[in-house]
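Chains as they are written, first to last, in numbering that gives the first Met the number 0: chain P, 0 to 109; chain U, 0 to 125; chain W, 0 to 98; chain A, 0 to 120.
Positions of the beta carbon are idealized from the N, C-alpha and C atoms, including for glycine.
Small disclaimer: the values here were computed from a predicted structure and weren't measured.
Take a look at the structure set out below.
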Amino acid sequence: MAIELNNTTYETDKHGYLIDYTVWSEELAPLLAETDNIELTEAHWEIITFVREFYITYNTSPAIRALTKALKEKFGESKASSRYLFKLFPDGPAKQATKYAGLPKPARCL
Amino acid sequence: MKTLSIVVTTPPYSPLTITAINYIKSAIALGVSINGVFFYQDGVINASEHHTIPNDEYQVLTEWKALNKNHNIPLHVCVSASEKRGLSDEITINAQQTTNINECFTVSGLGELVELSTSSKRVVQF
Amino acid sequence: MKVLHLLRTSAYNTPDLSECLATFQPNDQLVLLDDGCYNLTHVLLNEFIENNGAQCVSFIKDHATARAMETNSKSNVNAINLDTLVNLTFECDSVITWQ
Amino acid sequence: MNNNTKHIAILNASAATAPSAKDALDTTLIYASFEQPISLFYQGEGVRQLVNNQDLTTIHVKDFLKTMSAFSFYDIENIYVCENSLKSRLLAANFHIENVQVLTPHEFANKLHEHQVILRF
Chain P
0 MAIELNNTTY
10 ETDKHGYLID
20 YTVWSEELAP
30 LLAETDNIEL
40 TEAHWEIITF
50 VREFYITYNT
60 SPAIRALTKA
70 LKEKFGESKA
80 SSRYLFKLFP
90 DGPAKQATKY
100 AGLPKPARCL
Chain U
0 MKTLSIVVTT
10 PPYSPLTITA
20 INYIKSAIAL
30 GVSINGVFFY
40 QDGVINASEH
50 HTIPNDEYQV
60 LTEWKALNKN
70 HNIPLHVCVS
80 ASEKRGLSDE
90 ITINAQQTTN
100 INECFTVSGL
110 GELVELSTSS
120 KRVVQF
Chain W
0 MKVLHLLRTS
10 AYNTPDLSEC
20 LATFQPNDQL
30 VLLDDGCYNL
40 THVLLNEFIE
50 NNGAQCVSFI
60 KDHATARAME
70 TNSKSNVNAI
80 NLDTLVNLTF
90 ECDSVITWQ
Chain A
0 MNNNTKHIAI
10 LNASAATAPS
20 AKDALDTTLI
30 YASFEQPISL
40 FYQGEGVRQL
50 VNNQDLTTIH
60 VKDFLKTMSA
70 FSFYDIENIY
80 VCENSLKSRL
90 LAANFHIENV
100 QVLTPHEFAN
110 KLHEHQVILR
120 F
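Below, the structure written as structure tokens:
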């Protein structure tokens, strides 16, 4: 599978994740989200940017509990609950935020 | 109540795996309740549907099946460790979804290992 | 807490025996199984037994016999079967497998 | 999930280049995500996972060592390394993560004995 943007083809895997996370740009995020029928808002972007930075720093996407803990340090209590995150990403923030951030699909058992 | 969970990390062709099976059989005979076996690392290869072991050698899959069917022991395979080794319950062949993991095994994640660890008196790694 | 150490490798092959003995405490139990039985004649284990006695060490009889180690070994180390190993599992508080 | 918690120890015995080092890390992060109190022990070749200035990317291995810097987000605070394992490898206590406690073999064994489930990779 693939996504087209500005005459460039971006390869994705069968679950819609970018094959190469380094080619991601902010313009790609809405297209990656489109497959899940999600329109990205400012609130989504906060999480997407955060998850991508986490990945670049630690070479892994954060599991939900680590994500909420790290978000709490940055944005405070209100944006760090898993309820808040699941409202934004109904199929699970670990699965969806990473996808729109251009990151690899987290291992199925994690 | 003595409860036990087992972690198997050795492949089906290793004598080490036979030891694990014999240990489980001893535990059952002594009345120990086995909460589950968790297959991790090369242990997941035990779950392959496609072993062909010569008839005069130890039939490891037959033994696991018997433990599952006759003693209701859940056999959990780590899905990520499986997929890295070519085993999956989501293989697509000719547009059909299929599996190459034997039906006696439950496709699970490492979370199941946590559950088994907390629910059992002892955890023994093989 | 009392730890049951299961040693499954030969010290001629891996450092498992020495790492195991480094964490061993007086109430612990050491059981040699599989290739761990080859340690029955290893100098490290024999030194350990001289210093600590043989009460805390056992081996799986069948596993030693398979490797011709039963007849080679010191007679004061306990030969046990897997039933005894299961019982030891519950007499101790936790288990470490060295393999 | 039942309500029991267990004190879990992950005994790391493999160098960073062994596949089991990554398996140990994945297992660690899962126990931590499920809020089990977890301690990390580095002994033997396992101490190499802590050594500074490794670059696994030169051999095309994913640099999972970077993930160890995220331990605090998983509330992983008990990280122990065996002093003798360092000494016998002529390694200084110069690690790429913080809060590593160097213990004598006796202290190391004592700490390990405080745990109910011990997995070794």
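Under three-state DSSP, which class holds residue i?
{"i": "residue 112/A", "result": "coil"}
{"i": "residue 124/U", "result": "strand"}
{"i": "residue 38/W", "result": "helix"}
{"i": "residue 4/U", "result": "strand"}
{"i": "residue 35/U", "result": "strand"}
{"i": "residue 19/W", "result": "helix"}
{"i": "residue 100/A", "result": "strand"}
{"i": "residue 53/W", "result": "coil"}
{"i": "residue 38/A", "result": "strand"}
{"i": "residue 9/A", "result": "strand"}
{"i": "residue 79/A", "result": "strand"}
{"i": "residue 88/A", "result": "coil"}
{"i": "residue 105/A", "result": "helix"}
{"i": "residue 46/P", "result": "helix"}
{"i": "residue 60/P", "result": "coil"}
{"i": "residue 134/U", "result": "With chain U running from 0 to 125 in the structure shown, residue 134/U is simply not present."}
{"i": "residue 82/P", "result": "helix"}
{"i": "residue 127/U", "result": "No information on residue 127/U is available, as it lies outside the stretch 0 to 125 that chain U covers here."}
{"i": "residue 75/U", "result": "strand"}
{"i": "residue 47/U", "result": "strand"}
{"i": "residue 70/P", "result": "helix"}
{"i": "residue 66/W", "result": "coil"}
{"i": "residue 99/P", "result": "helix"}
{"i": "residue 105/P", "result": "coil"}
{"i": "residue 30/U", "result": "coil"}
{"i": "residue 40/U", "result": "helix"}
{"i": "residue 24/P", "result": "coil"}
In chain W, which residues lie less than 7 Å from residue i when you measure between Cβ atoms?
{"i": "residue 116/A", "result": "93"}
{"i": "residue 104/A", "result": "21"}
{"i": "residue 124/U", "result": "96"}
Based on the DSSP output, what are the partners of residue i in its beta bridges?
{"i": "residue 90/U", "result": "97/U"}
{"i": "residue 16/U", "result": "Its beta-bridge partners do not exist; DSSP assigns none."}
{"i": "residue 59/W", "result": "79/W"}
{"i": "residue 28/W", "result": "3/W"}
{"i": "residue 1/P", "result": "10/P"}
{"i": "residue 97/W", "result": "6/W"}
{"i": "residue 94/A", "result": "50/A"}
{"i": "residue 119/A", "result": "10/A"}
{"i": "residue 17/P", "result": "11/P"}
I'd like the list of long-range same chain contacts for residue i, defined as Cβ closer than 8 Å, with 5 residues on each side in sequence excluded.
{"i": "residue 73/U", "result": "34, 35, 36, 67 and 105"}
{"i": "residue 33/P", "result": "none"}
{"i": "residue 76/A", "result": "70 and 98"}
{"i": "residue 97/W", "result": "4, 5, 6, 7, 8, 15, 16, 18, 19 and 35"}
Below 8 Å on C-beta distance, what does residue i contact in chain A?
{"i": "residue 2/W", "result": "111, 112 and 117"}
{"i": "residue 109/U", "result": "25, 26 and 29"}
{"i": "residue 6/U", "result": "118"}
What residues from chain U crowd round residue i, counting only those whose CB sits closer than 9 Å?
{"i": "residue 89/W", "result": "1, 3, 31, 120 and 121"}
{"i": "residue 27/W", "result": "Per Cβ cutoff of 9 Å: no residues; residue 27/W is ~15 Å from chain U at best."}
{"i": "residue 42/A", "result": "Within chain U, no residue comes near residue 42/A; the closest Cβ sits about 16 Å away, beyond 9 Å."}
So, for residue i: in the same chain, excluding its five sequence neighbours on each side, which residues have a beta-carbon less than 7 Å away from its beta-carbon?
{"i": "residue 66/W", "result": "36 and 37"}
{"i": "residue 99/A", "result": "49, 78 and 80"}
{"i": "residue 40/U", "result": "8 and 80"}
{"i": "residue 29/P", "result": "39"}
{"i": "residue 53/A", "result": "15 and 64"}
{"i": "residue 42/P", "result": "87"}
Strictly below 8 Å CB to CB, what residues from chain U border residue i?
{"i": "residue 84/W", "result": "22 and 25"}
Find the residues of chain A that neighbour residue i, judging by a C-beta separation of less than 7 Å, and give them in chain order.
{"i": "residue 24/W", "result": "108 and 112"}
{"i": "residue 68/P", "result": "72"}
Please list, in chain order, the chain W residues whose beta carbon lies closer than 9 Å to that of residue i.
{"i": "residue 115/U", "result": "Under the 9 Å cutoff, chain W gives no residues; its nearest Cβ is about 14 Å from residue 115/U."}
{"i": "residue 83/A", "result": "21"}
Using a Cβ-Cβ cut-off of 8 Å, state whether residue i counts as contacting chain B.
{"i": "residue 12/U", "result": "The chain labelled as chain B is not found among the protein chains of the depicted structure, namely P, U, W and A."}
For residue i, go through chain P and note every residue whose CB falls closer than 8 Å to its CB, in chain order.
{"i": "residue 38/A", "result": "Correct list: empty, because the minimum Cβ distance to chain P is about 18 Å."}
Skipping 5 residues on each side, what residues in its chain have a beta carbon closer than 6 Å to that of residue i?
{"i": "residue 61/U", "result": "none"}
{"i": "residue 83/A", "result": "104"}
{"i": "residue 71/P", "result": "79"}
{"i": "residue 63/W", "result": "36 and 69"}
{"i": "residue 101/U", "result": "46 and 48"}
{"i": "residue 106/P", "result": "none"}
Inset, instruction - Would you be able to state if there are at least three C-beta pairs under 8 Å between the segment 93-113 of chain U and the segment 94-102 of chain P? - result: no
Legend entry - Contact between the segment 15-24 of chain U and the segment 8-23 of chain W (3+ Cβ pairs under 8 Å): no
Inset, instruction - Please determine if the segment 6-22 of chain A and the segment 105-116 of chain A are in contact, where contact requires at least 3 C-beta pairs separated by less than 8 Å. - result: yes
Inset, instruction - Inspect the CB distances between the segment 14-29 of chain W and the segment 43-56 of chain W and report whether three or more fall short of 8 Å. - result: yes
Inset, instruction - Give a yes or no on contact between the segment 76-83 of chain W and the segment 24-33 of chain U, applying the rule of three or more CB pairs nearer than 8 Å. - result: yes
Legend entry - At least three beta-carbon pairs within less than 8 Å, the segment 80-91 of chain P to the segment 80-91 of chain U: no
Legend entry - Three or more C-beta pairs below 8 Å linking the segment 47-65 of chain A and the segment 45-52 of chain P: no
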